[in-house]
Amino acid sequence: MQSALTVEGVCVDYGASRVLRQINLTVKKSEFVALLGASGCGKTTLLRAIAGFVPVAQGRIGVEGRDITHAPPEARGNAMVFQSYALWPHMTVARNIGYGLKLRGWAKARIAARVVELLALLRLDGLGDRLPAQLSGGQRQRVALGRALAVEPPLLLLDEPMSNLDARVRETLRHELRALQRQLGITAIHVTHDREEAMTLADRILLLRDGVIAQEGPPEALWSRPASAYVADFLGATNELAVQAGGGAVRGGAGGAVAVALPDGPARLLFRPQEATVLPVGEAPPPGLVFEGVARQVTYPGGGFRVAIETSGRQVLADSAWSPAEGSAVRLLVPPAAAHVFAATQT
Amino acid sequence: MPFLLVAPSLLLVGAFFLFPLLLSVQGAFMGADGPTLAHFRTAFGLYRNDMLVTLLITGCATALIGAGSIAIGGYLTLGGSRRARAVLAWLYRWPLFIPFIVAGQSMRGFLGQNGLMNSALVGAGMPEMWAQSFLDWRGIVITFVWKQLPFATLLIAGAMAAMDRAQIEAAQNLGAGRLRVLLGVVLPQVSRNITVALILSFVTMMGVLSVPLMISGQSPSMLTIPMAWRINSLGDYATANALGVLACLMTGMVAWVWLRQAAAEKAK
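Written out as structure tokens, the structure reads:
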């Protein structure tokens, strides 16, 4: 099957500095791809290069087999949803949504019918005559989405569309967007710095770092098998302990071992607080790396306790079903599946 | 207390602006034997054509300034070549720093029968018999446009630059070319700034004496010329005051259009 988007060896420069290096990406029809990364990693630049707002220094971009590398933005046919909504304040909701169709020379009656259809789809019924200023943030972003969807673009580009919304609205809109994308079979590229947003929405995630792809794959793969310490850290494994690799395994300070494919020498163990456990001293531990430590602080974020444990001169966080006394000795268990180990030389 | 704070500025405005203004308005209606409209009859009888010429010149110049500043602002906002934008942005402001009288003087040398413009055109191959002097109402229009265009552009291009760039990109992204973006997205949002720029230009040009004096003082010309003539040569303050009131009425009309538009926008 023909791919919806192909990006081959794309490089982008801002003045003298190269901000995207040799990016390769193929997106299948109806696939939802998230470009994830910290600010300044180049994710928005890649999206804007695909939209035609940023010139490509090297490489090729194709949509449905058509080379658009040097086409002006207005000739590319894809539709973008902006972080700031970018609705035109002097036009009603209906005119905003119908603008792309007007440019395509549709008759007035046909535009009106399509706008009504989209308003219903986006749960904006009856708001067609309002001005953007009279809508809430969530409604505005739905109008912006409707404006992009109206033209049935081969490629939908989403530039952090939810970062200006409050958490609850964002969650609702996230699920709506996912449902809509499945229902309409839209091919979409979504830029975000929010890990959870990328994980819930995307079929595939591209994690960018300093203008290159750090890792690419389905959300579960990135989550359970991060390719580097950077990816692990970005995906929530914020705890780090120094360990020693030897004989194809690393060992916990107080027992337990996990097999690794690393040469002998110092290594970094990264793990997520919610995947680690706190055990009382003396209890026989389940499989995993075990470390002795002291509970320094216990908080209750809801559902369970979060314990700050001091071990081997570092402080790490771990979730716990029980509440150890602050200052008491405890054991930290990192189960094999939760232990992400990398050579200490790797960054 | 708050009144005490504004008192100095109120006093200043009252003493140096309102009072002289009222005095000259009153002067326009006062004859030797009490209130009269005689000065207005004189003004109308002698200078009806000058009034029409004044409106024609300022109206033409305002329209051209509007078109020019939208074109320059539009290119500065939407233009493709970064270098051309930089050159234009640097170039367009210069006439702002040149006084009206100097603009009039240099235009006199430029637009005359044997001026620089005709010499250049003839040099470029225009038949010599086509060369004509622009030192009439057209010269005044050209000088006004040259002098006021940067001012209007400054206001309009500034408003365009202040727009959310994503709004322009959203339109381009959906397939709108530059002209459509300008007409459909940019202009409707800066229309108020355009109106302000043009009204201020109109009012400024209405009161300029130096340019018509330099370019073409022959009758009929702009109202400022007979006003200066009545005062300086004839000591006839009454007719000059009447002409002043009429000039104020003309600018008042324009201001009224603006206020109405602003009120209509507020009502929305």
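Same order as they appear, the protein sequences are chains A and B. Using numbering that gives the first Met the number 0, the letters of the first sequence correspond one by one to residues 0 to 346. Using numbering that gives the first Met the number 0, the letters of the second sequence correspond one by one to residues 0 to 267. Glycine is no exception: its CB is placed at the ideal position from the N, C-alpha and C atoms. Predicted model only: the values in this text are computed from it and were never measured.
Separation of residue j from residue i, as counted between CA atoms
i	j	result
B:L245	B:A102	27 Å
A:L24	A:L4	8 Å
B:D235	B:L63	35 Å
A:T347	A:T171	The structure shown has nothing for residue 347 of chain A, since chain A only spans 0 to 346.
A:L102	A:L126	22 Å
A:F81	A:D158	5 Å
B:I193	B:L153	10 Å
A:N95	B:V180	13 Å
A:A328	A:L234	29 Å
B:D135	B:T142	11 Å
A:E195	B:L3	60 Å
A:T298	A:A324	11 Å
B:D183	A:L240	Strictly speaking, residue 183 of chain B in this sequence is Gly, with Asp absent from that position. Using only the alpha carbons, I get a separation of about 59 Å.
A:T276	A:E219	21 Å
A:G301	A:R271	17 Å
A:E175	A:L120	10 Å
A:L144	B:G72	30 Å
A:A336	A:V280	22 Å
B:L178	B:R164	16 Å
B:F43	B:V253	21 Å
B:A6	B:R191	32 Å
B:Q188	A:L100	21 Å
B:A239	B:G174	57 Å
A:Q182	B:L258	51 Å
A:A260	A:G14	41 Å
A:P286	A:G292	18 Å
Residue burial classification, residue i (beta-carbon count within 10 angstroms, cutoff 16)
i	result
B:E127	exposed
A:M161	buried
B:Q166	buried
A:H189	buried
B:N113	exposed
B:W93	exposed
B:W89	exposed
B:M125	exposed
B:R82	exposed
A:Q180	buried
B:L197	buried
Coarse secondary structure for residue i, derived from DSSP in three states
i	result
A:Q296	strand
A:A317	strand
B:F133	coil
A:D435	Within the shown structure, residues of chain A are numbered from 0 to 346, placing residue 435 of chain A beyond reach of any answer.
B:M178	In the sequence on display, residue 178 of chain B carries Leu and not Met. It is helical.
B:R92	coil
A:Y13	strand
A:R103	coil
B:V184	helix
A:G51	coil
A:Q243	strand
A:P152	coil
A:E215	strand
A:L332	strand
A:D66	strand
B:P225	helix
B:D32	coil
Distance between beta carbons of residue j and residue i, contact taken as under 8 Å
i	j	result
A:A226	A:Q214	4 Å
A:P71	A:G58	Not confirmed; about 18 Å, so no contact.
A:P152	A:G76	6 Å
A:A33	A:A197	4 Å
A:V9	A:V18	Not quite, the Cβ-Cβ distance comes to about 11 Å (not below 8 Å), so this is no contact.
B:T250	B:M213	No, B:T250 and B:M213 are not in contact; Cβ-Cβ is about 22 Å, not under 8 Å.
A:L123	A:A149	Not a contact, Cβ separation roughly 12 Å.
A:G136	A:N163	6 Å
A:R295	A:A283	Contact doesn't hold; Cβ gap of about 25 Å is too wide.
B:G78	B:A237	With 8 Å as the limit, B:G78 and B:A237 do not qualify as a contact, their Cβ atoms being about 53 Å apart.
A:A266	A:A258	Their Cβ separation, rounded to whole angstroms, is 13 Å, which puts A:A266 and A:A258 out of contact at 8 Å.
B:T53	B:F201	That pair is no contact at about 11 Å.
B:T61	B:M159	About 19 Å separates the two Cβ atoms, so there is no contact after all.
A:A244	A:D232	Actually they are not in contact, since the Cβ atoms of A:A244 and A:D232 sit about 19 Å apart, beyond 8 Å.
A:L154	A:V6	Wrong, their Cβ atoms sit about 11 Å apart, outside the cutoff.
Residue i: CB within 8 Å of a non-hydrogen atom of the ligand FMN
i	result
B:D32	Questions concerning the ligand FMN fall outside what the structure shown contains, since it holds no ligand whatsoever.
Please identify, using Cβ separations under 9 Å, the residues of the stretch 52 to 77 of chain A that lie next to chain B, in order along the chain. F52, P71, P72, E73, A74, R75, G76, N77
At a CB distance below 9 Å, what residues from the stretch 158 to 169 of chain B approach chain A? Give them in sequence order. D163, R164, A165, Q166, I167, E168, A169
Counting only Cβ-Cβ distances shorter than 8 Å, please list the residues of the stretch 11 to 28 of chain A near chain B, keeping chain order. none
In the stretch 105 to 116 of chain A, which residues sit with their C-beta less than 9 Å from some C-beta in chain B, listed in chain order? none
For the stretch 168 to 190 of chain B, which residues have a CB atom closer than 9 Å to at least one CB atom of chain A, in sequence order? E168, A169, A170, Q171, N172, L173, G174, A175, G176, R177, R179, V180, G183, V184, P187, Q188, S190
At a Cβ cut of 9 Å, what residues of the stretch 77 to 90 of chain A count as close to chain B, listed as they run along the chain? N77, A78, M79, V80, F81, Q82, S83, Y84, A85, L86, W87, P88, H89, M90
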